[in-house]
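Participant: Those sequence lines, one after another, are chains A and B.
Residue 189, in the UniProt record's numbering, is where the first sequence stops; the numbers in between run on with no holes.
Residue 189, in the UniProt record's numbering, is where the second sequence stops; the numbers in between run on with no holes.
Beta carbons are placed, not taken as given, at the ideal position from N, Cα and C, and that holds for glycine.
One structure coming up, written as structure tokens, with questions to follow.
Number of protein chains: 2
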Amino acid sequence: MSAAETEFGPRPGEETVDLPAAYDAGLYFVGRVRTPWTARADCPRNSAQSDAVCTLEVDPRFAPALRELSGTTHLIVLYWMDRAPRNLVAQQPRHAPAPRGTFALRSPARPNPIAVSVVDLLGIDGASLRVRGLDCLDGTPLLDIKPYFASTDARPQARVGWRETDAVPGTDAAREAELSAGAGGRAAP
Amino acid sequence: MSAAETEFGPRPGEETVDLPAAYDAGLYFVGRVRTPWTARADCPRNSAQSDAVCTLEVDPRFAPALRELSGTTHLIVLYWMDRAPRNLVAQQPRHAPAPRGTFALRSPARPNPIAVSVVDLLGIDGASLRVRGLDCLDGTPLLDIKPYFASTDARPQARVGWRETDAVPGTDAAREAELSAGAGGRAAP
């Protein structure tokens with residue numbers, strides 16, 4: 001049993017699958033995410049719970065890819081939740097009445113643990129970007145940076161069915177039920 | 001020279017890098033995206049240019065991960081742009097005055113060609129999801145499905161600096177300059 005499996009072992013009602021024997025494609029880490037959080041317990045539950053300024057450190061090899069990024073107010077950041085188990089297909093969030101499918105959650109535990117976070121771009125210093133809106137562990141591998149397009153990416157009217165049955169929107173319970181995409185852990189531990 | 005390099009060979013001013021010798025992590029394809037487009041030239045330039053209903057076909061292995069997804073109005077879909085080159089760090093969009101860094105573009109050509117699309121969830125039939133808002137080739141490998149949270153994912157006020165210098169927002173040129181994230185190709189070909 002791996003460390004991840006020990007740390008995140010299934011709870012009652014949770015469901016795991018046998019993963020495929022081989023990968024279908026490969027990823028390059030293009031840099032690292034620098035945050036104030038070095039232990040999972042210290043990470044905010046989600047990005048709305050912290051104003052911390054974090055840094056995206058892009059490897060020198062990929063630094064030319066940052067050209068013309070200034071003037072962009074928001075970014076989509078993809079990073080790799082390398083401590084999360086990949087075989088959980090149903091998970092039991094703390095406040096939920098029953099387990100939920102992994103694709104209905106933002107838990108880091110998923111077949112491909114790619115986190116998607118929208119951040120404010122505060123400044124660019126060479127190959128380092130200062131951003132606000134992350135909640136992950138210091139040192140998390142960076143996969144991609146994309147400009148955020150309001151026209152195709154912003155859906156303020158979006159609703160999540162199970163959030164409305166769990167708790168009154170806007171309360172702490174509802175916020176917690178959103179599940180951190182970045183705490184390096186899993187659904188509402 | 002690979003097929004991708006032939007098809008997408010650098011234009012003047014574009015910049016490539018030597019990629020790392022090995023991958024840092026591996027991906028599982030969890031399903032396929034079914035769309036009406038079987039040739040790159042037929043794909044809409046971006047998701048706003050098509051009302052087509054597409055299908056996310058999740059592999060039976062991962063189908064239990066869809067539990068409790070109903071009632072969610074919008075999804076973030078991650079898929080793998082397997083025909084795009086990965087070594088371009090600066091690209092020349094058709095309407096841009098100069099090459100731009102890959103991380104300032106939504107072009108599929110990037111070190112980790114993971115596309116991020118926000119879609120409307122129209123219906124669920126077993127392990128198939130009917131969605132609107134994709135622009136990729138039929139058969140594109142599916143990586144992940146996440147519920148869209150307006151509270152953390154919607155930023156209607158976001159702006160992209162280079163879009164404003166390129167063209168008047170809302171015009172065809174501005175829309176084209178957004179670059180398709182999903183056409184399986186590259187920046188505004």
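#1: For SER47/A, is the classification buried or exposed, using 16 other Cβ atoms within 10 angstroms of its Cβ as the cut-off for buried?
#2: Does the distance between the C-beta of PRO97/B and the nearest non-hydrogen atom of the ligand FMN fall short of 7 Å?
#3: Compare the C-beta of TYR148/B against all C-beta atoms of chain A and say whether one is closer than 8 Å.
#4: At which residues does the alpha helix (DSSP H) containing SER151/B begin and terminate?
#5: Once you ignore the five residues that flank PRO111/B on each side, which residues in its own chain have a CB closer than 6 Å to its CB?
#6: Are the beta-carbon atoms belonging to SER128/B and LEU69/B less than 8 Å from one another?
#7: Just to confirm my understanding: we take ARG130/A, look at its own chain, exclude 5 residues before and 5 after, and list those with CB closer than 7 Å. What are they?
#8: State the DSSP-derived secondary structure class of GLN91/B, mapped to helix, strand or coil.
#9: Under 8 Å, Cβ to Cβ, is there at least one residue of chain A near ILE124/B?
#10: Against chain A, does residue 190/B count as a neighbour if the rule is that its beta carbon must be under 8 Å from one of theirs?
#11: Distance, Cα to Cα, PRO36/A vs LEU142/A?
#12: Could you compute how far the alpha carbon of LYS146/B sits from the alpha carbon of GLU15/B?
#13: Which chain B residues are close to HIS74/A, counting only those with a beta carbon under 9 Å from its beta carbon?
#14: Run through the DSSP bridge pairs and tell me what TYR79/B is partnered with.
#15: For PRO12/B, which residues in the same chain have their Cβ closer than 8 Å to its Cβ, ignoring the five residues on either side in sequence?
#16: Answer yes or no: does any C-beta atom of chain A fall closer than 8 Å to that of LEU69/B?
#17: Would you grab the beta carbon distance between PRO64/B and ALA90/A for me? Rounded to a whole angstrom, and I think it's under 8 Å.
#18: By DSSP's criteria, ASP125/B is part of a beta bridge. Which residues make up the other side?
Facilitator: Let me lay it out:
#1: SER47/A should be labelled buried.
#2: Of the ligands one can find in the structure shown there are none, so the ligand FMN has no counterpart to examine.
#3: Using a Cβ-Cβ cut-off of 8 Å, TYR148/B counts as an interface residue toward chain A, since at least one Cβ of chain A sits closer than that to its own.
#4: First-last of the alpha helix (DSSP H) with SER151/B: 150-153.
#5: Here PRO111/B has ARG86 as same chain residues with Cβ atoms under 6 Å from its own Cβ, once five neighbours each way along the sequence are excluded.
#6: No, the Cβ-Cβ distance between SER128/B and LEU69/B is not below 8 Å.
#7: Around ARG130/A: VAL53, THR55, LEU122 and GLY123.
#8: For GLN91/B, the secondary structure class from DSSP, reduced to helix, strand or coil, is strand.
#9: For ILE124/B, the answer is no, since every Cβ of chain A falls outside 8 Å of its Cβ.
#10: No information on residue 190/B is available, as it lies outside the stretch 1 to 189 that chain B covers here.
#11: Straight across, the Cα-Cα distance linking PRO36/A with LEU142/A is about 16 Å.
#12: Distance between the alpha carbons of LYS146/B and GLU15/B is about 33 Å.
#13: ARG155, GLN157, ALA158, ARG159 and VAL160, listed in chain order.
#14: Answer is ALA115/B and LEU142/B.
#15: Within the same chain, PRO12/B has close Cβ partners GLN92.
#16: Flagged as an interface residue toward chain A: LEU69/B, by a C-beta distance shorter than 8 Å.
#17: Indeed, because the Cβ distance is near 6 Å, the residues count as touching under 8 Å.
#18: DSSP lists SER128/B as partners of ASP125/B.
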